[in-house]
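Novice: Per the working numbering, residue 947 is the first one in the sequence shown, and the count goes up by one each step.
Can you read through this structure? Questions will come right after.
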Amino acid sequence: MAAGGDDTTIAQVHSGIDSSNKTLLKSEALYKYVLDTSVLPHEPESMRELRLVTDKHEWGFMQSSPDEASLLRMLIKLSGARRTLEVGVFTGYSLLATALALPADGKVIAFDVSREYYDIGRPFIERAGVAGKVDFREGPALEQLDELLADPANHGAFDFAFVDADKPNYVRYHEQLLRLVRVGGTVVYDNTLWAGTVALPPDAPLSDLDRRFSAAIRELNVRLSQDPRVEVCQLAIADGVTICRRVV
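Now the structure itself:
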């Protein structure tokens, strides 16, 4: 759950949901097993250092989980992506994962409404030797994406996109990104199960914010399931990850 891509503040993103649990798995022991066996042994040192620093931050719960970052790295490598987009950055843990996975000539354009938290992660990105792959752009992501779309050369020019930002704008990001990502390219959305609240009844006791964000995620999930332009795969890892492959 990275910082918002529009003018949503960090405080507004903070939820009443217990955010200390980074997984939907029922067993903490099983999640620890997954991390200790298949994820953390392969986590680059620069990512580990940034993750630990971010964990100590007041808003550290917004950081992507290690298993999700591992998934992103694998998807980028499997797809051979070279030009990618990231909406929502926070301190840059998932951004660093992306930059490390990209080939030497790869580039990721990353958007966040504020660079305050990105500046925490920037030194780790530099020490990892991948700063040259990162193009960070400060400002509301909807506006930044519109600027890219204003140039026809950017239409279908990107291979991969990752969205972890302000949930009420996910549907709007989807429309923008499908014009920027090529046919055969991939768009990945984070928090698509919103701590399991998407399956709760309408009268379930939730904070106003959680109710709003959960409704936004449910709208996205319905839209994706009915969108003929994409193939969709919903994964119950981290807080829910949805992978979309553009087919039209």
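Quick reminder that beta carbons are idealized off the backbone N, C-alpha and C, glycines included.
Rounded to the nearest angstrom, how far is the Cβ of I1071 from that of L1042, given a contact under 8 Å?
Specialist: Yes, I1071 and L1042 are in contact; Cβ-Cβ is about 5 Å, under 8 Å.
Novice: I'd like to confirm the pairing. Which residues does DSSP put opposite K1053 in its beta bridges?
Specialist: In DSSP, K1053 forms a bridge with R1029.
Novice: Among A1077, Y1135, I1066 and V1033, whose alpha-carbon lies nearest the alpha-carbon of D1051?
Specialist: Comparing Cα positions, the closest option is A1077.
Novice: Report the option in P1174, R1175 and P1148 whose CA atom is closest to the CA atom of R1164.
Specialist: Nearest option by C-alpha distance: P1148.
Novice: Taking all protein chains shown into account, decide if V1010 is buried (16 or more other Cβ within 10 angstroms of its Cβ) or exposed.
Specialist: In the sequence on display, residue 1010 carries Ser and not Val. By the 10 Å Cβ count, S1010 comes out buried.
Novice: Could you name the residues of the same chain whose beta carbon sits closer than 7 Å to that of Q1090, not counting the 5 residues immediately before and after it, in chain order?
Specialist: Same-chain partners within the cutoff: F1057 and R1083.
Novice: Go ahead and pull the three-state DSSP assignment for L1181.
Specialist: In this structure, L1181 counts as strand in the three-state DSSP scheme.
Novice: Between the Cα of D1081 and the Cα atoms of A1161, L1139, V1035 and T1143, which residue gives the shortest distance?
Specialist: Of the candidates A1161, L1139, V1035 and T1143, the one whose C-alpha sits nearest the C-alpha of D1081 is V1035.
Novice: Using C-beta distances below 8 Å, list every residue in its chain close to D1001, excluding the 5 sequence neighbours before and after it, in chain order.
Specialist: These residues qualify, in order along the chain: Q1009.
Novice: Whole angstroms is fine: what's the gap from Y1063's alpha carbon to E989's?
Specialist: Going by the C-alpha atoms only, they are around 22 Å apart.
Novice: Rounded to the nearest angstrom, what separates L1123 and A1150 at their Cα positions?
Specialist: Cα to Cα, the separation comes out at about 33 Å.
Novice: Rank V1033, A1047, T969 and G1067 by C-alpha distance to the C-alpha of L996 and give the top, closest one.
Specialist: Considering only alpha carbons, the answer is G1067.
Novice: Have a look at S965 and A1145 and give me their C-alpha separation to the nearest angstrom.
Specialist: In this prediction, S965 has a pLDDT of 40, which is less than 50 and means its spatial position is unreliable; what the coordinates show is noted afterwards. Those two C-alpha atoms are separated by around 18 Å.
Novice: In this structure, does DSSP put Q1149 in helix, strand or coil?
Specialist: With the sequence shown as reference, residue 1149 is identified as Asp, and Gln is not the correct amino acid for it. Note: D1149 maps to coil in three-state DSSP.
Novice: Nearest-angstrom Cα distance between D1156 and Y979?
Specialist: Approximately 29 Å between the Cα atoms of the pair.
Novice: So, is L976 buried or exposed, given that buried needs 16 or more other C-beta atoms within 10 angstroms?
Specialist: When all chains shown are included, L976 counts as exposed.
Novice: From the DSSP output, which residues share a beta bridge with Y1135?
Specialist: Y1135 pairs with V1109 and T1188.
Novice: For D1092, which of L1046, R1158, H1120 and V1187 has the nearest alpha-carbon?
Specialist: The candidate whose alpha carbon is nearest that of D1092 is H1120.
Novice: A1047 to T1132, Cα distance in whole Å?
Specialist: Cα to Cα, the separation comes out at about 15 Å.
Novice: Taking the alpha-carbon positions, what's the K1023 to F1106 distance?
Specialist: Their backbone Cα atoms lie some 11 Å apart in a straight line.
Novice: Please report the distance separating the alpha-carbon of V985 from that of V1127.
Specialist: About 28 Å.
Novice: Tell me which same chain residues have a C-beta within less than 7 Å of the C-beta of S1171, skipping the five on either side of it?
Specialist: Taken in chain order, the residues that qualify are V1178.
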